[in-house]
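Student: Chains as they are written, first to last, in my numbering: chain R, 114 to 325; chain B, 114 to 325.
Beta carbons: idealized from backbone N, C-alpha and C, even for Gly.
2 protein chains.
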Amino acid sequence: MVNYPNGRLRTHSTVPKKKTQTGPSVTKKSISKTKGIVAFGKRGMNFEGEINSTNDYYLSHGLAVIHKKPTPIQIVKVDYPQRSRAKITEAYFRQASTTDYSGVYKGHYIDFEAKETQQKTVFPLKNFHEHQIVHMSNVLSQGGIAFVLLHFARLNETYLLPSSRLITFYYEKNGLKSIPISYIREKGYKIETNHIPRIPYLEIVNKLCEVQ
Amino acid sequence: MVNYPNGRLRTHSTVPKKKTQTGPSVTKKSISKTKGIVAFGKRGMNFEGEINSTNDYYLSHGLAVIHKKPTPIQIVKVDYPQRSRAKITEAYFRQASTTDYSGVYKGHYIDFEAKETQQKTVFPLKNFHEHQIVHMSNVLSQGGIAFVLLHFARLNETYLLPSSRLITFYYEKNGLKSIPISYIREKGYKIETNHIPRIPYLEIVNKLCEVQ
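1. Between the Cα of L315/B and those of A204/B, D192/B and D224/B, spot the shortest distance and give me the residue it belongs to.
2. Taking 6 angstroms as the cut-off, is the CB of Q232/B close to at least one heavy atom of the ligand GTP?
3. List the whole-angstrom C-beta distance separating Y205/B from I201/R, where the pair is believed to meet the contact cut-off of C-beta under 8 angstroms.
4. For a minimum of 4 consecutive residues, which ranges assigned as the alpha helix (DSSP H) are wholly contained in the stretch 154-241 of chain B?
5. Tell whether a beta-carbon distance below 7 angstroms holds between V178/R and Q231/B.
6. Quick check on H221/R: buried or exposed, where buried means 16 or more other Cβ atoms within 10 Å of its Cβ?
7. Pull up the distance between the alpha-carbon of P310/R and that of F282/B, whole angstroms please.
8. Using 7 angstroms as the limit for Cβ to Cβ distance, is I150/R near chain B?
9. Do T234/R and I294/R count as a contact pair if the criterion is CB distance below 7 angstroms?
10. Exposed or buried, G154/R, counting other C-beta atoms within 10 Å across all chains shown (16 or more means buried)?
11. Using C-beta distances below 6 angstroms, list every residue in its chain close to R278/R, excluding the 5 sequence neighbours before and after it, in chain order.
12. Please report the straight-line C-alpha distance between E243/B and V252/B, rounded to a whole angstrom.
13. Can a CB atom of chain B be found closer than 7 angstroms to the CB of A227/R?
14. Beta carbons nearer than 9 angstroms to chain B: which residues of the stretch 206-217 of chain R have them?
15. Could you check whether the Cβ of Q255/B sits closer than 7 angstroms to any Cβ belonging to chain D?
16. Helix, strand or coil for I294/B per DSSP?
17. Looking only at its own chain, which residues have a Cβ that is under 7 angstroms from the Cβ of T306/B, when we skip the five neighbours before and after it?
18. Quick one: what does DSSP say K320/R is sitting in, helix, strand or coil?
19. If contact means a Cβ-Cβ distance below 7 angstroms, which residues of the stretch 255-286 of chain R contact chain B?
20. Which runs of the alpha helix (DSSP H), 4 residues or longer, sit entirely within the stretch 255-294 of chain B?
21. Return helix, strand or coil for I312/B, following the three-state DSSP convention.
22. Under 8 angstroms, CB to CB, which of the residues in the stretch 162-181 of chain R have a partner in chain B?
23. Got a sec? Which residues, its chain only, sit under 6 angstroms from Y302/R by beta carbon, not counting five neighbours each side?
24. Between P237/R and K290/R, how many whole angstroms is the CB-CB distance? I'm expecting something under 8 angstroms.
25. Report, in whole angstroms, the separation of the C-beta atoms of K239/B and Y214/B, which I expect to be a contact under 8 angstroms.
26. Could you tell me which of I188/R, Y193/R and Q195/R sits nearest to R207/R, measuring between CA atoms?
27. Once the 5 residues before and after V217/R are set aside, which same chain residues still bring their CB inside 6 angstroms of it?
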């Protein structure tokens, strides 16, 4: 198999991400994060940022190739000023039809969504749209590895919950609007956060691969 | 493994795609396609549309879960009109750092880029950015299946070229700006287009899985 040095990829993959954190660009996620300033300020980097930096680490160390998908946007109007690049002048955020993160790890297809909450005892189900649940179910049917990373900001606890457990809860506990943290602790895996990489979720994925 | 009926996913996954083909929204791809009106008009549906409809077919028949990633966009200004949703008023197209399509098929991670040309004897390499080449190389290193779908619009011929072959050509034939069609015919696989699905590329992917 051909394997070339990949020093240049890091530049490409990190530059846009850095821009979304510090530059003038705005993403749907960073907008919603301004509502949760407590967690953002306390921890120095938001949950999404920590996952992105973890994925950068995995990529640059040749451990996995996992990327965040771009935010889906519906474009309505585009201007083409002479001698400069196309400028979008009217567009709207669209709901994602799949999950945010996907990639490949030791041949396995990896698919996950990452969410955080300010709640201390439950994780609100409104964080997941039904078509995301259906997408995760489809991924499992094709032999992929699907999960959610759930961060309780005020507890500073992060869990990996396999999608099969989320799906079961979603359909069987139809009346409930939230997952109790006890269910997540029982059916999921706590991720001990590190300095580098911040959220070493592949350690848990290794366990999921063994189970399969 | 939990496996729920997935009738609703099709609705979600196809609506945005249909909008990009017939509605007021504009994507980077559809803009560039207006330059190639010949192919667009002749064939009723452009190459990207045919691949999307193929993926819809694979998804709805439970054969594979493969999606096109959203076009990456850098957002500069967002308005928040009262009582209505956020409106993006200044944004720009960004170069994709990975390939356009990815997903899972029988447990395998699938990753590909699809491009068409008006040339008859060569496929211009400018269709692929270097970081896309590096991304495909990373995917191969992790045991994923990576390839490009190349469509010669005027010949009405479509080929699947494994990324390993593209990468070899890209680095070893550094002086050349195009891949001769003879190389693609020798190292790639011709895809016989169908009525449904339009571009049955999974038949070739089955062969690639056997080789691995």
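Tutor: On the basis of the supplied data:
1. It is D224/B.
2. In the structure shown, the ligand GTP is absent, as is every other ligand, since no ligand is present at all.
3. Here Y205/B really is in contact with I201/R; their C-beta atoms are around 7 angstroms apart, less than 8 angstroms.
4. Listed in chain order, they are 160-173.
5. Judged by their CB atoms, V178/R and Q231/B are not nearer to each other than the 7 angstroms cut-off.
6. Buried: at least 16 other Cβ atoms inside 10 Å.
7. For P310/R and F282/B, the distance between alpha carbons rounds to 35 angstroms.
8. Caution is warranted here: a pLDDT of 38 is assigned to I150/R, below 50, making its placement in the model unreliable, and no coordinate value can be reported.
9. Note that the C-beta distance between I294/R and T234/R is below 7 angstroms.
10. The predicted model places G154/R with a pLDDT of 39, which falls under 50 and marks its position as unreliable; any figure quoted below should be read in that light. Under a 10 Å Cβ-count criterion, G154/R is classified as exposed, with fewer than 16 other Cβ atoms of the shown protein chains found around its own Cβ.
11. Around R278/R: K300.
12. Their Cα atoms are separated by approximately 14 angstroms.
13. No - not a single Cβ of chain B is within 7 angstroms of the one on A227/R.
14. Contact residues of the stretch 206-217 of chain R toward chain B are F206, R207, Q208, A209, S210, T211, S215, G216 and V217 (C-beta to C-beta distance below 9 angstroms).
15. Considering every chain present, this structure includes no chain D. Its protein chains are R and B.
16. For I294/B, the three-state secondary structure derived from DSSP is helix.
17. For T306/B, where only same-chain residues beyond five positions count, the Cβ hits under 7 angstroms are T271 and I312.
18. K320/R falls in the helix class under three-state DSSP.
19. Within the stretch 255-286 of chain R, the residues whose Cβ lies closer than 7 angstroms to some Cβ of chain B are Q255, G256, G257, S277, I280, T281 and Y284, listed in chain order.
20. List check, alpha helix (DSSP H) in window: 276-285.
21. Residue state, collapsed to three classes: coil.
22. Residues are counted here when their Cβ sits less than 8 angstroms from a Cβ of chain B; for the stretch 162-181 of chain R these are L172, G175, A177, V178 and H180, given in chain order.
23. Taken in chain order, the residues that qualify are L273 and I317.
24. About 6 angstroms separates the beta carbon of P237/R from that of K290/R, a gap short enough to meet the 8 angstroms contact definition.
25. Rounded, the Cβ-Cβ distance is 20 angstroms, inconsistent with contact.
26. Ranking the options by Cα distance to R207/R, first place goes to I188/R.
27. Close CB contacts of V217/R within its chain, under the 6 angstroms cut and outside five residues either way in sequence, are with V178 (chain order).
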